[in-house]
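Shown next, in structure tokens, is the structure this report addresses.
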Amino acid sequence: MTAQLGEKTTADEVLEGQDLRGKRILVTGVSAGLGVETARSLVAHGATLVGAARDLDKARRATAAITGPGSLELVELDLASLASVRACADALLAKGESFDVIINNAGVMAAPEGRTVDGFESQLGTNHLGHFVLANRLAPLLKSGSRVVALTSAGHRFADVDIDDLNFERRDYDRWASYGGSKTANILFAVEFDRRNRDKGIRATAVHPGSIETELGRHLDPAAVAAARKQLDDEQIAQGRGPVKWKNVPQGAATSVWAAVVADANEVGGRYCEDCHVAEVNDNPKLRGGVQPYAIDADHARALWAKSEELVGERF
């Protein structure tokens, strides 16, 4: 099956034949969409799953039908509040049970201008800084062979992360530039986390799940979604590539679980993956496939790490 993995592959197809009993995995954002499907597929193959969500009642309803030889425990986590992130991490650390995988799945997209509880621009604070603190605080629970998977997006090509103005204090706010920057930050986090931890046998990778309609687009009205889809299609057609190939949710979760438990760690460590393979570097922001060079630049990743530590007031 592995040789046939690609854009149409589902999470269950990726995990075909996999026995995940004994694997303990944390997935954030298990109240909807990709998070629920990621959790479902892993539990179905035996994993012990810890699912984190801001709204536990919503998460309970969304995951009520999940069954399998594995198990699912829900924990509260609001990535837009560092107090919540630290409380969640402290509770897991107190239990002392190790993790084989952390999947930073939760996120927001194209949100109107706003601030987190701690005063960070909302998309950067939720998508990057919340996960930055969570994964680093939980690092003592990772062991040799463990992995961190950071969900990013082809939308990283919309914008590099502006390390000198992460919170849009000097620039006019643009929801897509903010989203693109936060997704670039997710990739840079994986690059630097991998560099810092690979000598311990702990690897990190960034994955683009594909173009999928989920609750992630809740801040966009239907007309805006239709316009955005047309623009993407027009760009692709102009390049002779045909319209964008949209995925369903089971297909969207495939690359996450592939990078988490199937792919060779040395192959995906510090890399950007899409469609269940490591993507090529692509310096054309109009071309959807591949990763922009700035998103995997090691010096850029180190600089963002240092600035992130400064913002959250912790050194890792």
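Quick note: the sequence shown uses the working numbering, first residue -11, plus one each step.
Think of the CB as a built atom: it goes at the ideal place given N, C-alpha and C, for glycine as much as any other residue.
Here the structure is a predicted model, which is why all the values come from computation and not from measurement.
1. Just verifying my parser: in three-state terms, what is the DSSP assignment at Ile284?
2. Considering just the uninterrupted stretch of the beta strand (DSSP E) at His119, what are its terminal residues?
3. Spell out a yes or no on whether the region 85 to 96 and the region 108 to 123 are touching, meaning 3 or more CB-CB pairs, one atom from each, closer than 8 angstroms.
4. I'd like the ranges of any beta strand (DSSP E) spanning at least 3 consecutive residues and lying wholly in the region 83 to 137.
5. Give the secondary structure of Glu61 by DSSP, where H, G and I count as helix, E and B as strand, and everything else as coil.
6. Buried or exposed for Asn272, please, with buried defined as at least 16 other CB atoms from any protein chain shown within 10 angstroms of its CB.
7. In the region 164 to 197, which residue ranges form an unbroken beta strand (DSSP E) of at least 3 residues, counting only runs that do not cross its ends?
8. Quick one: what's got a C-beta closer than 6 angstroms to Lys165's C-beta in the same chain, skipping five residues either side?
9. When you compare each of Gly58, Ala75 and Gly56 to Glu64 by their alpha carbons, which one comes out closest?
10. Are the beta-carbon atoms of Leu30 and Ile13 separated by less than 7 angstroms?
11. Please identify the residue among Ala283, Thr16, Lys274 and Arg191 whose C-alpha is closest to the C-alpha of Asp252.
12. Quick check on this structure: which residue in Val269, Leu60 and Arg49 has the alpha carbon closest to the alpha carbon of Gly34?
13. Quick check: the Cα distance between Thr243 and Val105, rounded to an integer number of angstroms?
14. Look at the alpha carbon of Val18 and the alpha carbon of Ala41, and state the distance between them as a whole number of angstroms.
15. Grab the span of the alpha helix (DSSP H) containing Arg48 for me, first residue to last.
16. Span of the alpha helix (DSSP H) holding Val245?
17. Which term fits Asn174, buried or exposed, when burial requires 16 or more other beta carbons within 10 angstroms of its beta carbon?
18. If you measure from the beta carbon of Val89 to each beta carbon in chain D, is any gap under 7 angstroms?
19. Taking the beta carbon of Ala82 as the centre, do at least 16 other beta carbons fall within 10 Å, making it buried, or is it exposed?
20. Taking 7 angstroms as the threshold (C-beta atoms), are Asn115 and Ser170 in contact?
21. Can you tell me the Cβ-Cβ gap for Gly56 and Ala32, rounded? I've got them flagged as a contact below 8 angstroms.
22. Short of 6 angstroms in beta carbon distance, which residues of its chain neighbour Asp311, apart from the five on each side in sequence? Order them along the chain.
23. According to DSSP, simplified to helix, strand and coil, what is Ala147?
24. Which residues bound the alpha helix (DSSP H) around Leu30?
Well, looking at it:
1. Translated into positions along the sequence shown, residue 284 becomes position 296. Of the three classes helix, strand and coil, the one that applies to Ile284 here is helix, per DSSP.
2. Translated into positions along the sequence shown, residue 119 becomes position 131. Taken as a continuous stretch (DSSP letters only), His119 belongs to no beta strand (DSSP E), being part of the alpha helix (DSSP H) at His119 to Arg125.
3. yes
4. 87 to 92
5. Within the sequence shown, residue 61 is the residue found at index 73, counting from 1. In the structure shown, Glu61 sits in a strand (DSSP, three-state: E or B).
6. One-based indexing of the sequence shown puts residue 272 at position 284. Counting Cβ neighbours within 10 Å, Asn272 comes out exposed, since fewer than 16 surround it.
7. 191 to 196
8. Numbered from 1 along the sequence shown, position 177 holds the residue referred to as residue 165. Rather than Lys, the amino acid found at residue 165 in this sequence is Ala. Ala147.
9. Taking the first residue of the sequence shown as 1, we reach residue 64 at position 76. Among Gly58, Ala75 and Gly56, the Cα nearest to that of Glu64 belongs to Ala75.
10. If you number the sequence shown from 1, residue 30 lands on position 42. If you number the sequence shown from 1, residue 13 lands on position 25. Yes, Cβ-Cβ distance for Leu30 and Ile13 is below 7 angstroms.
11. Locating residue 252 in the sequence shown gives position 264, counting from the first residue. Ranking the options by Cα distance to Asp252, first place goes to Arg191.
12. Counting from 1 along the sequence shown, the entry for residue 34 is found at position 46. Comparing Cα positions, the closest option is Leu60.
13. Translated into positions along the sequence shown, residue 243 becomes position 255. Translated into positions along the sequence shown, residue 105 becomes position 117. Cα to Cα, Thr243 sits roughly 32 angstroms from Val105.
14. Taking the sequence shown and counting its residues from 1, one reaches residue 18 at position 30. Taking the sequence shown and counting its residues from 1, one reaches residue 41 at position 53. Rounded to whole angstroms, Val18 to Ala41 spans 6 angstroms at the Cα level.
15. For the purposes of this step, residue 48 is taken as residue 60 along the sequence shown, with counting starting at 1. Here the alpha helix (DSSP H) through Arg48 covers Leu44 to Thr51.
16. The residue you call residue 245 lines up with position 257 of the sequence shown. It spans Ala242 to Val245 - the alpha helix (DSSP H) in which Val245 sits, taken as one unbroken run.
17. Along the sequence shown, read from residue 1 onward, the residue named residue 174 stands at position 186. When all chains shown are included, Asn174 counts as buried.
18. Among the protein chains of the structure shown there is no chain D, as only one such chain exists.
19. Walking along the sequence shown from the start, residue 82 turns up at place 94. Under this definition Ala82 is an exposed residue.
20. For this step, residue 170 is matched to residue 182 along the sequence shown. For this step, residue 115 is matched to residue 127 along the sequence shown. The answer is yes: Cβ separation under 7 angstroms.
21. On the sequence shown, residue 56 is found 68 positions in, with the first residue counted as 1. On the sequence shown, residue 32 is found 44 positions in, with the first residue counted as 1. Indeed they touch by this definition, with Cβ atoms about 4 angstroms apart.
22. Shown here, the chain extends from -11 to 304; a query on residue 311 therefore has no answer.
23. Along the sequence shown, read from residue 1 onward, the residue named residue 147 stands at position 159. Coil at Ala147, not helix or strand.
24. Locating residue 30 in the sequence shown gives position 42, counting from the first residue. Unbroken alpha helix (DSSP H) run through Leu30: Gly21 to Ala32.
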